Amino acid sequence: MQQLEEEVKQVIIDVLQLEDITPADIVTDAPLFVEGLGLDSIDALELGVAIQKRYGISLSADSAETRQHFASVRALAAMIAANRKK
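So in our numbering, spot 78 of the sequence shown is number 66, and the numbers just go up one at a time.
Structure below.
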């Protein structure tokens, strides 16, 4: 799971073009939105599209469950591990 978490951190950096941040700068359990990385709804949309394409996962933007999955890198990695197409 740690490898997937590192991969997710890199996806976040690449997709959102966070040039001054490395994967080591992102705390696995820290919130991604508002606090923590301070991402916003546009970032969530871009990240969601990238994850859907990369891992073949279908996400619903209006789902409360999806919002929970985007709470942290750890939550996102767990959702990807459980749902990605092999």
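Glycine is no exception: its CB is placed at the ideal position from the N, C-alpha and C atoms. Computed from a prediction, not measured in an experiment: that's the story for all the values here.
Within a Cβ cutoff of 7 Å, which residues of the same chain sit near Val3, ignoring the five residues on either side of it in sequence?
Glu34, Leu35 and Ala38
Taking DSSP as the reference, what is the three-state secondary structure of Leu6?
coil
At the 9 Å Cβ level, is Met67 part of the contact set with chain B, yes or no?
Considering every chain present, this structure includes no chain B. It has just one protein chain.
For Glu7 and Arg62, believed in contact at Cβ under 8 Å, the rounded distance
So it is not a contact: roughly 24 Å between Cβ atoms.
Cβ pair Ser60, Ala18 closer than 9 Å:
yes
Apart from the five residues on each side of it in sequence, which residues of its chain come closer than 6 Å, Cβ to Cβ, to Thr54?
Leu47 and Ser48
Give me, in chain order, the residues of the same chain whose beta-carbon lies closer than 8 Å to that of Val(-1); leave out the 5 immediate sequence neighbours on both sides.
Leu35, Ala38, Ile39 and Arg42
Check each candidate in Ile1, Ala65, Ala70 and Ile45 and name the one with the smallest Cα separation from Gly26.
Ile1
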